[in-house]
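Visitor: First the structure, which I've put down as structure tokens, then a few questions once you've had a look.
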Amino acid sequence: MIFMAGIHGAGKTTIGKKLEEKWNIRCVAASALIEAASDQVMPGNKVINSIEENQEFLLREVSKLRNYGGQFILEGHFCLINGMCEIESISLDVFEKLNPEMIVIISAHPESIARRNKDKGLLLSNVEFVDRFQRAEIGYGEEVGRYLGVPCHIVENDEKNQDALLKEDLWRLSSYR
Numbered sequence: 001m002i003f004m005a006g007i008h009g010a011g012k013t014t015i016g017k018k019l020e021e022k023w024n025i026r027c028v029a030a031s032a033l034i035e036a037a038s039d040q041v042m043p044g045n046k047v048i049n050s051i052e053e054n055q056e057f058l059l060r061e062v063s064k065l066r067n068y069g070g071q072f073i074l075e076g077h078f079c080l081i082n083g084m085c086e087i088e089s090i091s092l093d094v095f096e097k098l099n100p101e102m103i104v105i106i107s108a109h110p111e112s113i114a115r116r117n118k119d120k121g122l123l124l125s126n127v128e129f130v131d132r133f134q135r136a137e138i139g140y141g142e143e144v145g146r147y148l149g150v151p152c153h154i155v156e157n158d159e160k161n162q163d164a165l166l167k168e169d170l171w172r173l174s175s176y177r
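Under our numbering, the first residue of the sequence shown is numbered 1, with each subsequent residue one higher.
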């Protein structure tokens with residue numbers, strides 16, 4: 001499993017859909033797995049009150065996916081916004097249990113992310129907060145990658161880099177350092 005991370009609005013879903021089409025690799029959103037397992041709808045404002053509980057739902061659903069076999073990309077986050085509207089890192093224990101082969105972090109210019117989020121009606125449209133959130137996501141993602149000993153690639157979401165991702169066989173990337 002490849003863990004594809006990035007903050008809300010960075011472009012994970014768009015890139016995931018393109019990867020699914022190009023490489024016939026299933027791309028699954030962590031939020032969709034959590035919603036399916038918990039019978040809850042993830043809040044539109046992206047504030048998560050029960051981060052730990054949601055991660056337990058996620059781990060159960062990923063375990064089910066692995067039982068079916070085959071490679072897949074899990075689209076998710078290293079950091080979330082908690083009930084106090086603070087950036088909170090997801091427990092390292094969760095990533096140990098997820099045990100990704102590789103990490104790909106999708107980043108974008110904070111102004112672009114803020115604009116996309118505003119267009120979607122999300123509260124994450126303050127450029128300074130988006131910048132801080134993205135820096136936390138990337139920093140913690142790199143830390144998790146080092147801790148787990150797996151490759152961690154940061155990809156700026158622009159046309160050039162999207163094309164490069166689509167031309168590379170992601171599974172060969174997992175052997176790169």
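Beta carbons are placed, not taken as given, at the ideal position from N, Cα and C, and that holds for glycine. In this text, all values refer to a predicted model and were calculated from it rather than measured experimentally.
Assuming contact is defined by CB atoms lying nearer than 9 Å, are V28 and L59 in contact in what I supplied?
Guide: In this structure, L59 does not lie closer than 9 Å to V28 by Cβ.
Visitor: With distances taken from CA atoms, which of C85, E56, L33 and I25 is nearest D93?
Guide: Nearest C-alpha to D93: E56.
Visitor: If you count every other CB in all the chains shown that lies within 10 Å of the CB of Y68, and 16 or more means buried, which is it?
Guide: Y68 should be labelled exposed.
Visitor: Determine the DSSP secondary structure at S175, reduced to helix, strand or coil.
Guide: Its pLDDT being 46, under 50, S175 is placed unreliably by the model, and nothing is read from it.
Visitor: I think G141 touches C152, with their Cβ atoms under 8 Å apart; what is that distance to the nearest whole Å?
Guide: So it is a contact: roughly 6 Å between Cβ atoms.
Visitor: Any idea if Y176 is buried or exposed, counting beta-carbon neighbours within 10 angstroms, 16 or more meaning buried?
Guide: Low local confidence applies: a pLDDT of 38 at Y176 is under 50, so the model's placement there is unreliable, with the coordinate-based value given in what follows. Y176 should be labelled exposed.
Visitor: Can you give me the Cβ contacts of P110 inside the same chain, cut-off strictly under 7 Å, excluding the 5 residues immediately before and after it?
Guide: Contacts found: V127, V130, D131 and Q134.
Visitor: Comparing C-alpha positions only, which one of Q71, S38 and I106 sits nearest to W23?
Guide: That would be Q71, whose Cα lies nearest to the Cα of W23.
Visitor: Is N157 buried or exposed, if buried means 16 or more other CB atoms sit within 10 Å of its CB?
Guide: Result: buried.
Visitor: Under the DSSP definition of a beta bridge, which residues are partnered with G11?
Guide: DSSP lists no partner for G11.
Visitor: Ignore the nearest five residues each way along the sequence and tell me which others in R115's own chain have a CB closer than 7 Å to its CB.
Guide: Cβ within range, chain order: n/a, list empty.
Visitor: So what does A108 bridge to, in DSSP terms?
Guide: Paired residue(s): none; A108 is not in a bridge.
Visitor: Please report the distance separating the alpha-carbon of M4 from that of V144.
Guide: Rounded to the nearest angstrom, the two C-alpha atoms are 13 Å apart.
Visitor: Which term fits K12, buried or exposed, when burial requires 16 or more other beta carbons within 10 angstroms of its beta carbon?
Guide: Under this definition K12 is a buried residue.
Visitor: Along the alpha helix (DSSP H) that carries F95, what are the first and last residues, could you check?
Guide: First-last of the alpha helix (DSSP H) with F95: L92 to L98.
Visitor: When the distance is taken between beta carbons, is E137 closer than 9 Å to I7?
Guide: Yes, the pair counts as a contact, with Cβ atoms nearer than the cut-off.
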